[in-house]
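Everything below concerns the one structure shown next.
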Amino acid sequence: MDFITRALLENALLLAPALALAEVAAIIVWRIRRTRAALRAVAVPPLIAAAVFLLAWLVVTDREKIASAYRAMAADVSAGGSDVLAAHLDTEVQVNLYADPHTTVNKDNIPAIVHRYINAWRIRQVKLSQLAIEVSGDHADTKVTTTILNDAPDTAGAPVILRWSVMWIKRPDRWRIYRADLIEGGMAALTGP
């Protein structure tokens, strides 16, 4: 079922090989038989492809909404902001930046922490990779790797790579982050600024 959802609503190109084979088969049948029915069959795969692409364009899945939120947050931080990130934080969000799971940062402190690192690291760009999103009802568990390109003297300009486990909850207005844990990466650098 997950493959069908992804193929129909998120990545219509997954169906392209099957539709191409169906089109080739329909053309072969039409060339052999030369009937109206065979000619109509030639039109079916392109019509199905158009319908699937239109459906994928019209419907935005929860997984796509969360992926889009990640891209918007990365772009905002890359531009020196934290407003998009703050807008996606749930009121009771817990963010764990350190090894101790009992040391969490609350929502009110997060924009200031983000700006502190933007300035200290002279962040040029935040890149996302290895984004995995599993949606189950009103909750989503995600894993994402962020690569922070920077001009900080204390990192010698080396990219800072952080791997996160982030949990989302669906609220009436949007998906929101209710827990984020740093699970791997250069946190020694995060204690600096």
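Numbering (my numbering), first residue to last: 44 to 236. Positions of the beta carbon are idealized from the N, C-alpha and C atoms, including for glycine. As the structure is a prediction and not an experimental result, all values here were calculated from the model.
Helix, strand or coil at residue i according to DSSP, with G and I counted as helix
i    : result
L140 : coil
D159 : In the sequence as displayed, the identity of residue 159 is Arg instead of Asp. Three-state result, R159: helix.
R222 : strand
P236 : Note that P236 scores a pLDDT of 43, beneath 50, so its modelled location is shaky; the value from the coordinates is reported in the next line. Residue state, collapsed to three classes: coil.
N152 : helix
Bridge-paired residues (DSSP) for residue i
i    : result
I166 : N193
K186 : A175 and S208
E227 : R206
K213 : W218
Nearest-angstrom Cβ-Cβ length linking residue i and residue j, presumed shorter than 8 Å
i    : j    : result
R106 : E53  : 7 Å
A69  : P88  : 6 Å
A8   : W218 : There is no way to answer for residue 8, as the model of the chain reaches only from 44 to 236.
R167 : L205 : The pair is not a contact, with the Cβ atoms about 16 Å apart (cut-off 8 Å).
D119 : L128 : 6 Å
L171 : T185 : Incorrect: roughly 11 Å between the Cβ atoms, too far for contact.
R165 : A195 : 5 Å
Burial state of residue i (16 or more Cβ within 10 Å)
i    : result
I109 : buried
S179 : exposed
| query | Where in the stretch 76-147 do unbroken runs of the beta strand (DSSP E), each at least 3 residues long, occur, reported from the N-terminal end onward? | reply | Every unbroken stretch of the beta strand (DSSP E) spanning 3 or more residues and falling wholly within the stretch 76-147 is given here in chain order: 132-139.
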